[in-house]
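For the sequence shown, the UniProt record's numbering begins at 1 and goes up steadily by one.
Virtual Cβ for every residue (Gly too), placed ideally from N, Cα, C.
What follows is a set of notes on a single structure, which appears directly below.
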Amino acid sequence: MQKQEAVVRPVSGALGAEIFGMDLTDIGDADFERIRELLLRYLVIFFPDQSHLTPEAHIALGKRFGEVEVHPFLPKVEGYPELALIESDKGGKADAWHIDVTFSPNPPVASILHLVTCPESGGDTMWSNQYLAYETLSEPYREMLDGLTAVHVLKAPEVGELTAEHPVVRVHPETGRRSLYVTRMWSSHIPQLSRHESDSVLQFLFEHSEQPAFNCRYRWQPGAVAMWDNRATQHLAINDYSAYRRGQRVTILGDHPTGDAPRWKNYERRGDERYYPRRVNAKAGY
Ligand SMILES: O=C(O)CCC(=O)C(=O)O
1 MQKQEAVVRP VSGALGAEIF GMDLTDIGDA DFERIRELLL RYLVIFFPDQ SHLTPEAHIA
61 LGKRFGEVEV HPFLPKVEGY PELALIESDK GGKADAWHID VTFSPNPPVA SILHLVTCPE
121 SGGDTMWSNQ YLAYETLSEP YREMLDGLTA VHVLKAPEVG ELTAEHPVVR VHPETGRRSL
181 YVTRMWSSHI PQLSRHESDS VLQFLFEHSE QPAFNCRYRW QPGAVAMWDN RATQHLAIND
241 YSAYRRGQRV TILGDHPTGD APRWKNYERR GDERYYPRRV NAKAGY
């Protein structure tokens, strides 16, 4: 029998679309191509009513995009190492803006989150379009940023310190578009700038890139699935609820973010100038 064409309903002017009429347990090649196309266009896509999605089907869907991650320290759904478990009563509240895992040399390209249980209200998730964040900057500012890198740091008891350096502006390998690639949770400093300059440029970029005009906000129903392009978005889960919330996430392993080569050498301290490159990490608070 011929499948019905999926219905696409954008959720904001900036990014995000809900997709109706697709069953994620039954994805043929044509459906998969459509999903890839929609993901590149809307950056985050939502599939309501997928309560029947099994762990096996969820992982299989992730594997169509590429190799899937076994997260180094997040809890897992029992028997499924590829399914990271995000539970509100076990610290699973990602309530600061972030791009996933930028402290790795190969951050994930995409994630697929199945929200199995959610509060009746509260616990929405927001995404922000980082193409728009870049494109709305003035030309001189963009030109400066194109030639800079940022150092991203995670410090956690489970893994010690993990760190990676990426272009501040990355070029999407599939669309060729430039997007801003710094994030409040992990970006520590811009090594070509003095500490003071780096702090103020990053603070400006965090505020600029998170602004409402670039956002969408998704109100979950149990069983819904969100899929996002981690190369051109940031996200945060709003912490405004106390009921139990459970998500299961498959993450597709990464590429190497590319952009222009740094145009300047790293900042060198002058004389006995004090210089502490690391800025406070929003999550770890160090
Ligand atoms: O819980 C959510 O809605 C988002 C979780 C999250 O930030 C993540 O999976 O990276």
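Within 6 Å: the Cβ of residue i and any heavy atom of ligand 1?
i      : result
Asp260 : no
If you follow the alpha helix (DSSP H) that residue i is in, where does it begin and where does it stop?
i      : result
Arg217 : First-last for Arg217: 215 to 218, but that is the beta strand (DSSP E), not the alpha helix (DSSP H).
His152 : Unbroken run through His152 is the beta strand (DSSP E), 149 to 156; no alpha helix (DSSP H).
Glu196 : The question names Glu, but residue 196 in the sequence shown is His. Taken as a continuous stretch (DSSP letters only), the alpha helix (DSSP H) holding His196 covers 195 to 209.
His58  : 55 to 65
Tyr141 : 139 to 146
Provide the residue span of the beta strand (DSSP E) that contains residue i, from first to last.
i      : result
Phe47  : 44 to 47
Arg170 : 169 to 171
Arg178 : 178 to 180
Ser188 : 187 to 189
Per DSSP, which one or two residues make a beta bridge with residue i?
i           : result
His114      : Val225, Gln248
Phe20       : Val7
Met126      : Arg217, Leu236
Ile86       : Gly247
Gly271      : Answer is none; Gly271 lacks a bridge partner.
Lys76       : Ala84
Ala14       : Answer is none; Ala14 lacks a bridge partner.
Leu38       : Answer is none; Leu38 lacks a bridge partner.
His166      : Ala150
Val70       : Answer by DSSP bridge pairing: none, since Val70 is not bridged.
Gly160      : Ala156
residue 287 : Nothing about residue 287 can be reported from this structure: the residues present for the chain run from 1 to 286 only.
His52       : Answer by DSSP bridge pairing: none, since His52 is not bridged.
Do residue i and ligand 3 come close, with the Cβ less than 6 Å from some heavy atom?
i      : result
Ser194 : This structure lacks ligand 3; its bound ligands are ligand 1.
Beta carbon nearer than 6 Å to a non-hydrogen atom of ligand 1: Ile86, Ala94, Asp100, Ser111, Leu113, Thr125, His235, Ala237, Gly247, Arg249
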